[in-house]
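Take any residue in the sequence shown, count from 1 to its spot, add 685: that is its number in this note's numbering.
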Amino acid sequence: MAAKYGQVTRPGGVAATVFRMAGRSLAWLLLGMVDAAGAWFAARLYLDGAIWPAVALVLGLVATTYVFTNDRAYPLRYIWPGLVFFILLVVYPIGYTVYVAFTNYGTGHMLSKAQAIRQLEQMVYSPPGARRWSFTAFQSPTGELSFLLYDETGPALLARDGRVRPVDPVADELVDADQDGRPERLGQSTALGVQQLARQLATLQQLRFEWGDAFLRPASLREFEEVRQAYRYDAATDTLVDVRTGRLYRPSGGYFVDADGNRLEPGFVESVGLANFARLVKDPAISRPFLRVFTWTFLWAALTVALQSIAGIALALVLNDPHLRFRYFYRSVLILPYAIPAFISILVWGGLLNTELGVVNDILAFFGIGRIPWMQDAFWARVALLLVNTWLGYPYMMLVTLGALQSIPQELYEAALVDGARPLDVIRTITLPLLMIAIAPLLVASFAFNFNNFNVIFLLTGGGPPMAGAQTPAGHTDILISYTYRLAFQGGQGTQFGFAAAISMIIFVIVAVLTVVNFRMTRALEEVSENV
C-alpha cells in the first residue's frame, strides 16, 4: 500500500527499530536542550525590557520544535537551519535598517525613552550642607563589600546590602585589636587598605545606599557623601521635575526640554518620520555634498566598468589569437592582479602613489614631470582610484571574455573572410555582438558591485580629500557606501545611524533596480542566443 502524503517510509527489522528509537531519543534530548536554553534567554530578554526580541525568540523556538517533531514538516528539516540564518542575517538587518531610517537613532539618542528616564532619575546632586563621612571598607570571603562610616556628629553607620543602619558593636562583631577606633574586622569581613580599595574603583562608582529620603555613596577612596535624587519622573503628565528648582522638562525632539529650551542628556530614540530623507533635500549644507557624492558614485561605477571591460576585452582578443607566441605565458602574467588579494594590492598602490615618497612620482620626476598630488587633489585622487580599480578588475573581465570567445562558432569567421570582411569589421559585426550575450549581464553586475565597492575607496583614499563647507563628513572620492559608513562611525558631530540608514535605503533601491535590469537583460540575451 502506497505511503500517504507526509509519511516517510523506513526500513524494517529489530536493528533498524532500535536505531530509530535511539536516534529519536537523541534528537528529542538535543531539541529539549535547545528549547530550555532558548526559553531561559527569552526570559532574560523579557526581564531586560526587550519584549519584541523575546517574542521573536519564543516564536522561533515553537516553529523549530514543530518542524523537528511533526512528520508533515519533515522536508523543512533540511532547509530550516539555512532559513533561520537567512532570517537572522538578511531579513532582520534589512528590517532593522528600515526601522532605524525613520528614527533619530545616533549619538545622544541611543536609549529608549524608558531607559533615558531611568538614567535621569539616577542622577543625584549634593545638597547644601550635605554631610560627609570617613569610612573603613570591609570585604567578606565571598567578595561582598561593607562600609563602616564615621563622622563627628553621630554614631557610626554600617552601609551594607544597599541600605544604611546604625552600628551594633555586639551584633556586628566589630574587632578593634589595636584600639585605635578603626576596627580591623567586621564579622567574617576583613578591612581593606586604600590600595586594595583602589583596585575596586569601578565597583565603588556604582554603589549607592538608601538613607531616609537621601542616598549615600563613595565620594573618594576616603569619604562617603550624602546625595539626593536630582530628577523625578511624573508618568501622569509625562514630565521630568527638577527636584532642586521645580522646573518641568517635557519630551521634545528626542530630549526632555524645559520652557527655555534647555535639554537634558541623554536623549532617547523616537520616530522622526521622513525627516532623515528630507534633510537630503532641504538642508543645503547636506544636499550639496550628497548630490556630489551621488553623482560621483554613478560616474565611478560607469567609468570603472568601461575601463575594466575595455582593457579585459582588448587583452582577451589579443591573447585569443592562435598565432601569438607565448600567449599562455602572457595569460599567466596578466592574471596576477586577480590572484593577489585585493586589499594587499590596494595598500601597495597606496604606497606607490604617495606624493612625496611614491615610486610613481619618482619615475615621473626622472622624466622631468612634476610630482602629482595623487591623494591631495580631488581630480587626481579620482584618477588614482580608477587606475587602481582597473588594475584589480581587468583580469576577471579578460578571463570571462576568453571563455566566451571559445563559444563563437569558427564558421562565422570563415564566412566573413570569404565575403571579404576586414578584421575590424569582423570584430564589430560578429565578435562583439556575440560577446555581449555572455558579458552584458556581467557588466550590469559589475556596475552594481562597483556602486558599493567600499574597500578600494576606504583603503586607498579614505574618501578624501574632504569637501570644503560640508556639514556632514563627505570627501571628493566618497561614494554612497563610504559616505554612509563615515556618517555612521566617523561623523564630527557624532554618529548619525538614522541618517546613514536612510541613505542605505536609497542604495538598496538603486541596487535592486540594477538587479531587475540584469535579470531582464539576461532573459533577453538568452532569447537572442537561441537563434545563433
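Ideal placement from N, C-alpha and C gives every residue a C-beta, glycine not left out.
Q) First and last residue of the alpha helix (DSSP H) that includes Trp737? A) Taking the first residue of the sequence shown as 1, we reach residue 737 at position 52. For Trp737, the uninterrupted alpha helix (DSSP H) segment begins and ends at Ile736 to Thr754.
Q. Hey, quick one: how far does the beta strand (DSSP E) through Asp919 stretch, first residue to last?
A. On the sequence shown, position 234 is the one that residue 919 refers to. That run of the beta strand (DSSP E) goes Tyr916 to Asp919.
Q) Do Pro1228 and Ala1027 have their C-beta atoms within less than 7 Å of each other? A) Residue numbering for the chain in the displayed model covers 686 to 1217; residue 1228 lies beyond these limits and cannot be assessed.
(Q) What does the alpha-carbon distance come out to for the pair Arg902 and Val852? (A) Along the sequence shown, one-based indexing puts residue 902 at 217. Along the sequence shown, one-based indexing puts residue 852 at 167. Straight-line Cα distance between these residues: approximately 18 Å.
Q | Classification of Arg1171 by the beta-carbon crowding that lies within 10 angstroms, buried from 16 upward | A | Counting from 1 along the sequence shown, the entry for residue 1171 is found at position 486. A residue is called buried once 16 or more other Cβ atoms fall within 10 Å of its Cβ, and Arg1171 is buried on that count.
(Q) Using CA atoms only, rank isn't needed, just tell me which of Phe832, Gly958, Arg845 and Leu1032 is closest to Pro868. (A) Mapped onto the sequence shown, residue 868 falls at position 183. Comparing C-alpha distances from Pro868 to each of Phe832, Gly958, Arg845 and Leu1032 shows the shortest one belongs to Phe832.
Q: Given a cut-off of 7 Å, decide if Leu877 and Ala963 are closer than it, judged by their beta-carbon atoms.
A: To locate residue 963, count along the sequence shown from 1; it is residue 278. To locate residue 877, count along the sequence shown from 1; it is residue 192. No, the Cβ-Cβ distance between Ala963 and Leu877 is not below 7 Å.
Q: Decide if His658 is buried, meaning its Cβ has at least 16 other Cβ atoms within 10 Å, or exposed.
A: The question about residue 658 has no answer, for the chain in this structure spans 686 to 1217.
Q. Can you round the beta-carbon distance between Asn1140 and Ile1031 to whole angstroms, since I take them to be within the 8 Å contact cut?
A. The residue labelled residue 1140 in the question sits at position 455 within the sequence shown. The residue labelled residue 1031 in the question sits at position 346 within the sequence shown. Right, their Cβ atoms sit about 7 Å apart.
(Q) I'd like to know if the stretch 836-848 and the stretch 889-899 are in contact, where contact means that at least 3 CB-CB pairs between them fall below 8 Å. (A) Using a C-beta cut-off of 8 Å, the stretch 836-848 makes contact with the stretch 889-899, since at least three inter-stretch Cβ pairs fall below that distance.
Q) Along the chain, which unbroken stretches of the alpha helix (DSSP H) at least 4 residues long are found entirely within the stretch 696-732? A) Runs of the alpha helix (DSSP H) inside the stretch 696-732: 699-732.
Q | Rounded separation between Ile764 and Ile1188 - CA only | A | Taking the first residue of the sequence shown as 1, we reach residue 764 at position 79. Taking the first residue of the sequence shown as 1, we reach residue 1188 at position 503. Rounded to the nearest angstrom, the two C-alpha atoms are 33 Å apart.
Q: Would you mind sorting Gln891 into buried or exposed? The rule is 16 or more other CB atoms within 10 Å of its CB.
A: For the purposes of this step, residue 891 is taken as the residue at position 206 of the sequence shown. Exposed.
Q: Pick out whichever of Leu871, Gln807, Pro826 and Pro812 has its Cα sitting closest to the Cα of Phe820.
A: Taking the sequence shown and counting its residues from 1, the one referred to as residue 820 is at position 135. Relative to Phe820, the option among Leu871, Gln807, Pro826 and Pro812 whose CA is nearest is Leu871.
Q) Can at least three beta-carbon pairs, one atom from the stretch 1116-1136 and one from the stretch 1190-1203, be found at a separation below 8 Å? A) With a cut-off of 8 Å, the stretch 1190-1203 and the stretch 1116-1136 count as touching, because enough Cβ pairs lie within range.
(Q) I'd like to know whether the C-beta atoms of Val942 and Arg948 end up nearer to each other than 7 Å. (A) Translated into the one-based positions of the sequence shown, residue 942 becomes position 257. Translated into the one-based positions of the sequence shown, residue 948 becomes position 263. Yes, they are a contact pair.
Q: Could you work out which residue in Gln864, Pro936, Val954 and Leu746 is closest to Gly946 when comparing CA atoms only?
A: What you label residue 946 is simply residue 261 of the sequence shown in a count that begins at 1. Comparing Cα positions, the closest option is Pro936.
Q. What residues match up with Asp927 in a beta bridge as DSSP calls it?
A. Residue 927 sits at position 242 when you count from the first residue of the sequence shown. Beta-bridge pairing links Asp927 to Tyr916.
Q.
So, for Arg884: in the same chain, excluding its five sequence neighbours on each side, which residues have a beta-carbon less than 7 Å away from its beta-carbon?
A. As a position in the sequence shown, residue 884 is number 199, starting the count at 1. Taken in chain order, the list of residues that qualify is empty.
Q. The alpha helix (DSSP H) spanning Leu965 covers which residue range?
A. Start at 1 with the first residue of the sequence shown, and residue 965 comes out as number 280. Its alpha helix (DSSP H) spans residues Ala960 to Lys967.
Q: Return the chain-ordered list of same chain residues with a C-beta closer than 6 Å to the C-beta of Ala1001, the five sequence neighbours on each side being excluded.
A: Counted from its first residue, the sequence shown places residue 1001 at position 316. Result list for Ala1001: Met1083, Thr1086 and Leu1087, in chain order.
Q. Are the beta-carbon atoms belonging to Leu746 and Val752 less than 7 Å from one another?
A. As a working mapping, residue 746 is identified with position 61 in the sequence shown. As a working mapping, residue 752 is identified with position 67 in the sequence shown. Cβ distance not < 7 Å, so Leu746 and Val752 don't count as in contact.
Q: Tell whether a beta-carbon distance below 7 Å holds between Tyr940 and Tyr1023.
A: One-based indexing of the sequence shown puts residue 940 at position 255. One-based indexing of the sequence shown puts residue 1023 at position 338. In terms of Cβ geometry, Tyr940 and Tyr1023 do not form a close pair [threshold 7 Å].
Q.
On the criterion of 16 or more Cβ atoms from any shown chain inside 10 Å, does Thr1162 qualify as buried, or is it exposed?
A. To locate residue 1162, count along the sequence shown from 1; it is residue 477. Thr1162 sits buried, since 16 or more C-beta atoms from the chains shown fall within 10 Å of its C-beta.
(Q) Can you find the residues in the same chain that come closer than 8 Å, C-beta to C-beta, to Gly1043, ignoring five residues on each side of it along the sequence? (A) Taking the first residue of the sequence shown as 1, we reach residue 1043 at position 358. Counting only Cβ-Cβ distances below 8 Å, and skipping sequence neighbours, we find Gly1036, Leu1037 and Trp1059.
Q) How is the alpha helix (DSSP H) around Trp765 delimited, first residue to last? A) In the sequence shown, the residue the question calls residue 765 occupies position 80. First-last of the alpha helix (DSSP H) with Trp765: Trp765 to Phe771.
Q: Might you give, ordered along the chain, the residues of its own chain that have their beta carbon closer than 7 Å to the beta carbon of Thr924, omitting 5 neighbours on each side?
A: Stepping through the sequence shown from its first residue, residue 924 is reached at position 239. Leu933, Tyr934 and Arg935.
Q.
Below 8 Å, how does it come out for the stretch 1114-1131 and the stretch 1006-1014: are there three or more Cβ pairs, yes or no?
A. With fewer than three CB-CB distances shorter than 8 Å, the stretch 1114-1131 does not count as touching the stretch 1006-1014.
**Q.** Straight-line gap, Met686 to Arg709 (C-alpha atoms, nearest Å)
**A.** Position 1 of the sequence shown, counted from the first residue, corresponds to residue 686. Position 24 of the sequence shown, counted from the first residue, corresponds to residue 709. Confidence at Met686 is low in this model, with a pLDDT of 43, below 50, so the placement of that residue should be treated as unreliable; the coordinate-derived value is given next. In a straight line, the C-alpha of Met686 is about 25 Å away from that of Arg709.
Q) Can you tell me whether Thr1075 is buried or exposed, with buried defined as 16 or more other CB within 10 angstroms of its CB? A) Taking the first residue of the sequence shown as position 1, residue 1075 is located at position 390. Flag for Thr1075 reads buried.
Q. What's the C-alpha gap between Ala735 and Asp1047?
A. Your numbering for residue 735 matches position 50 in the sequence shown. Your numbering for residue 1047 matches position 362 in the sequence shown. Spanning the two alpha carbons is a distance of roughly 60 Å.
Q: List the whole-angstrom C-beta distance separating Asn899 from Arg913, where the pair is believed to meet the contact cut-off of C-beta under 8 Å.
A: Counting from 1 along the sequence shown, the entry for residue 899 is found at position 214. Counting from 1 along the sequence shown, the entry for residue 913 is found at position 228. Reading off the sequence, residue 899 comes out as Ala, not Asn. Contact between Ala899 and Arg913 is confirmed by a C-beta separation of about 5 Å, below the 8 Å threshold.
Q: Note down, in chain order, each residue of its chain lying with its Cβ closer than 7 Å to the Cβ of Tyr690, except the 5 sequence neighbours on either side.
A: By 1-based counting over the sequence shown, the position of residue 690 is 5. Only weak support is given to the placement of Tyr690: the predicted model assigns it a pLDDT of 44, under 50, and the question is left unresolved by the model.
(Q) In the DSSP output, which residue or residues are listed as bridge partners for Phe909? (A) In the sequence shown, counting from the first residue as 1, residue 909 sits at position 224. When DSSP reads this structure, Phe909 sits in a beta bridge with Trp818 and Pro903.
Q: Measure from the alpha carbon of Thr1157 to the alpha carbon of each residue in Phe1052, Ala1050, Leu976 and Gln993, then state which is nearest.
A: Start at 1 with the first residue of the sequence shown, and residue 1157 comes out as number 472. Answer by Cα proximity: Leu976.
Q.
Under DSSP, the alpha helix (DSSP H) around Val785 begins and ends at which residues?
A. Counted from its first residue, the sequence shown places residue 785 at position 100. Per DSSP, the unbroken alpha helix (DSSP H) holding Val785 starts and ends at Tyr777 to Ala786.
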